[in-house]
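Colleague: Dropping a structure here in structure tokens format, bear with me for questions.
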Amino acid sequence: MVGLSSTVPLTKQQQTEITRIAIKAGQLLQQHGAESRLIEQTTTRLGVALGAQSIELAVSADALVLTSLFEGRCITTTRKVHDRGINMQMVCDVQRICVMAEKQLLRAADVNKKLDKLKPMKYNRWLVVLMIGLSCASFSHLFGGDWWAFAVTFVASATAMFVRQELAHRHHNPFINFAVTAFIATLISSFGVIYQLGNRPDLAMAACVLLLVPGFPLINAVSDMVKGHINMGIARWTAATLLTFSVAAGIFAAMGVTNVMGWLS
Amino acid sequence: MDLLFLLVDDMFWAAIPAVGFAMVFNVPKHMLVYCAVAGAIGHGFRTLTMHFGLPIEWASLVATTLIGFIGLYWSRKHLIPRPVFTVAAAIPMIPGSYAFATMLGLVEMNSGGFTYQLLQTVIENGLKTLFILIALSFGLAIPSVLIYRGRPIV
Numbered sequence: 050m051v052g053l054s055s056t057v058p059l060t061k062q063q064q065t066e067i068t069r070i071a072i073k074a075g076q077l078l079q080q081h082g083a084e085s086r087l088i089e090q091t092t093t094r095l096g097v098a099l100g101a102q103s104i105e106l107a108v109s110a111d112a113l114v115l116t117s118l119f120e121g122r123c124i125t126t127t128r129k130v131h132d133r134g135i136n137m138q139m140v141c142d143v144q145r146i147c148v149m150a151e152k153q154l155l156r157a158a159d160v161n162k163k164l165d166k167l168k169p170m171k172y173n174r175w176l177v178v179l180m181i182g183l184s185c186a187s188f189s190h191l192f193g194g195d196w197w198a199f200a201v202t203f204v205a206s207a208t209a210m211f212v213r214q215e216l217a218h219r220h221h222n223p224f225i226n227f228a229v230t231a232f233i234a235t236l237i238s239s240f241g242v243i244y245q246l247g248n249r250p251d252l253a254m255a256a257c258v259l260l261l262v263p264g265f266p267l268i269n270a271v272s273d274m275v276k277g278h279i280n281m282g283i284a285r286w287t288a289a290t291l292l293t294f295s296v297a298a299g300i301f302a303a304m305g306v307t308n309v310m311g312w313l314s
Numbered sequence: 005m006d007l008l009f010l011l012v013d014d015m016f017w018a019a020i021p022a023v024g025f026a027m028v029f030n031v032p033k034h035m036l037v038y039c040a041v042a043g044a045i046g047h048g049f050r051t052l053t054m055h056f057g058l059p060i061e062w063a064s065l066v067a068t069t070l071i072g073f074i075g076l077y078w079s080r081k082h083l084i085p086r087p088v089f090t091v092a093a094a095i096p097m098i099p100g101s102y103a104f105a106t107m108l109g110l111v112e113m114n115s116g117g118f119t120y121q122l123l124q125t126v127i128e129n130g131l132k133t134l135f136i137l138i139a140l141s142f143g144l145a146i147p148s149v150l151i152y153r154g155r156p157i158v
């Protein structure tokens, strides 16, 4: 793994620059939802490719600590990590830059410039609203609902996704966001039960809140724990559980308002 | 023949949420089709194995192991980290309804008082959620745990 470049002497200034670049890559990965093993591997590979002898990284839920070593000299730096939402395109791009640096196609300054230039790509929000509406409607079909359940789920979850985007855009706390969104989705879909639309209107109530399942954090949590990052796994699991709980609170409040218990019976 | 129709229907309707959630995760455009295919294969395979009597937890493990290996091939081919396709593909199998039923049971137990029926709801749904989730993510991790032990895949 250690590149040829490790024999080239590094000045203290160069080593500092490499340390900063490696942790910037790690920070970008963690902010956009990469699992801990990937963060650790990518920062280590990037640092070594740029000339450090080894890189040690401590991953925690809201900060990264990274030390680079060269001929007995250690440089350590820390960065806060703010969650910026899951974005796989950013993860792909950081990974690609790391691979290019490893093949010695980029120098440290180029890597830095490329990392700074990365911009998170976002899909058109109306397209996402449409697709999430269809996704939850597909779930209602998979549960065995008919076209009425499909239609009710589509309207409820597309509206809910719109609300979720609006609240996220205004930087509301995710727990509040999820609770409000679940409330609205359940409220809309409970009309299906009130007017007895189709064969199983309760399935629409169950399916329309599935856009709020924190699937990515839950999978990352278990996969972190399997690969030895128990701390990170527990942190992610706890965050996902709290999100699930706020969704349940939203559903419960809506059920209290309409007095339709739906699928919880 | 009925089974074939069931599978095709199942795979088609599982591909849509795989793409929908891949878009929420901002998976690059040209990778969306891989998410759809992996999501369809995974969910279809789970339905097939459950049809032959495998319990849902083991079926989820087998299905995500399959997705994990397919993802391994694609990830080495396109030099892209595996979670980019595999997590979106596993999303249709996430036990969301079980998870919410567990939490709702807890909320209800607080506001409406304790009953053994509620406790049963909470424990049964909670255990289902837990075991299916562990099976799902463990299945995805199998290629890197068994074959690429400690080595990077791309």
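Chains E and Y, in that order, give the protein sequences.
Once you know that position 125 of the first sequence is 174 in the numbering used here, the rest is easy, because the numbers rise by one and skip nothing.
Once you know that position 154 of the second sequence is 158 in the numbering used here, the rest is easy, because the numbers rise by one and skip nothing.
Glycine is no exception: its CB is placed at the ideal position from the N, C-alpha and C atoms.
#1: Listing by chain order, which chain E residues have their CB less than 7 Å from the CB of Y/W17?
#2: Using Cβ-Cβ distances below 9 Å, what residues of the segment 208-241 of chain E are close to chain Y?
#3: Less than 6 Å between C-beta atoms, sequence neighbours within five positions excluded: which residues of the same chain meet that for E/S55?
#4: Using three-state DSSP, classify E/L106 as helix, strand or coil.
#5: How about Y/P87: is its C-beta nearer than 8 Å to some C-beta of chain E?
#6: For E/A150, which residues of its own chain have a beta-carbon under 7 Å away from its beta-carbon, when the five flanking residues on both sides are left out?
#7: Since E/R128 is in the beta strand (DSSP E), which residue starts that stretch and which ends it?
#8: Within 8 Å of any Cβ in chain Y, is that where the Cβ of E/Y244 sits?
#9: For E/A83, does the three-state DSSP call read helix, strand or coil?
#10: Taking only the alpha-carbon atoms, compute the straight-line gap between Y/L140 and E/N173 and give it to the nearest angstrom.
#11: Considering just the uninterrupted stretch of the alpha helix (DSSP H) at Y/A40, what are its terminal residues?
#12: Are at least three pairs of beta-carbons, each pair with one atom in the segment 91-105 of chain Y and one in the segment 27-47 of chain Y, less than 8 Å apart?
#13: Out of Y/D14, Y/L76, Y/F104, Y/T106, which one is the CA nearest neighbour of Y/H55?
#14: Spatial neighbours of Y/K132 within its chain, please: C-beta separation below 7 Å, excluding the five flanking residues on both sides.
#15: Unbroken alpha helix (DSSP H) runs of length 4 or more, entirely within the segment 187-269 of chain E: which are they?
#16: Whole angstroms is fine: what's the gap from E/H131's alpha carbon to E/A288's?
#17: Just reading off the alpha helix (DSSP H) that E/A101 is part of, what are its end residues?
#18: Take the Cβ of E/H218 as the centre, count every other Cβ of all protein chains shown within 10 Å, and call the residue buried at 16 or more, exposed below.
#19: Sort E/L59, E/T290, E/H278 by Cα distance to E/G157 and report the nearest one.
#20: Would a check of beta-carbon distances place Y/V41 closer than 8 Å to chain E?
Modeller: Result, derived from the coordinates:
#1: Within 7 Å Cβ-Cβ: S187, H190, L191.
#2: Answer in chain order: M210, A231.
#3: Low per-residue confidence applies at E/S55: pLDDT is 47, beneath 50, and the placement is therefore not dependable, though the value from the model is reported in the following sentence. Take E/S55, set aside five residues on each side of it, and the residues of its chain with a beta-carbon closer than 6 Å to its own are Q102, in chain order.
#4: Here E/L106 sits in strand by DSSP.
#5: The C-beta of Y/P87 comes closer than 8 Å to at least one C-beta of chain E.
#6: Excluding residues within five positions, the ones whose Cβ falls inside 7 Å are L95, A98, L99, V160.
#7: In this chain, the beta strand (DSSP E) harbouring E/R128 covers 122-129.
#8: Not a single CB atom of chain Y sits nearer than 8 Å to the CB of E/Y244.
#9: E/A83 falls in the coil class under three-state DSSP.
#10: Their Cα atoms are separated by approximately 30 Å.
#11: Segment 36-55, the alpha helix (DSSP H) holding Y/A40.
#12: Flag = yes, the segment 91-105 of chain Y and the segment 27-47 of chain Y touch.
#13: For the options Y/D14, Y/L76, Y/F104, Y/T106, the alpha carbon positioned closest to that of Y/H55 is the one of Y/D14.
#14: For Y/K132, the CB contacts under 7 Å within the same chain, skipping 5 residues up- and downstream, are P99, Y102 in chain order.
#15: DSSP assignment within the segment 187-269 of chain E yields the following whole alpha helix (DSSP H) runs of 4 residues or more, N-terminal first: 196-218, 223-243, 250-256.
#16: Roughly 14 Å separates the two Cα atoms.
#17: For E/A101, no alpha helix (DSSP H) encloses it, and the DSSP letter there is neither H nor E.
#18: Around the beta carbon of E/H218, fewer than 16 other beta carbons sit within 10 angstroms, so the residue counts as exposed.
#19: The amino acid at residue 157 of chain E is misidentified as Gly; the sequence shows Ala. Proximity to E/A157 across E/L59, E/T290, E/H278 peaks at E/L59, based on C-alpha coordinates.
#20: So, not an interface residue.
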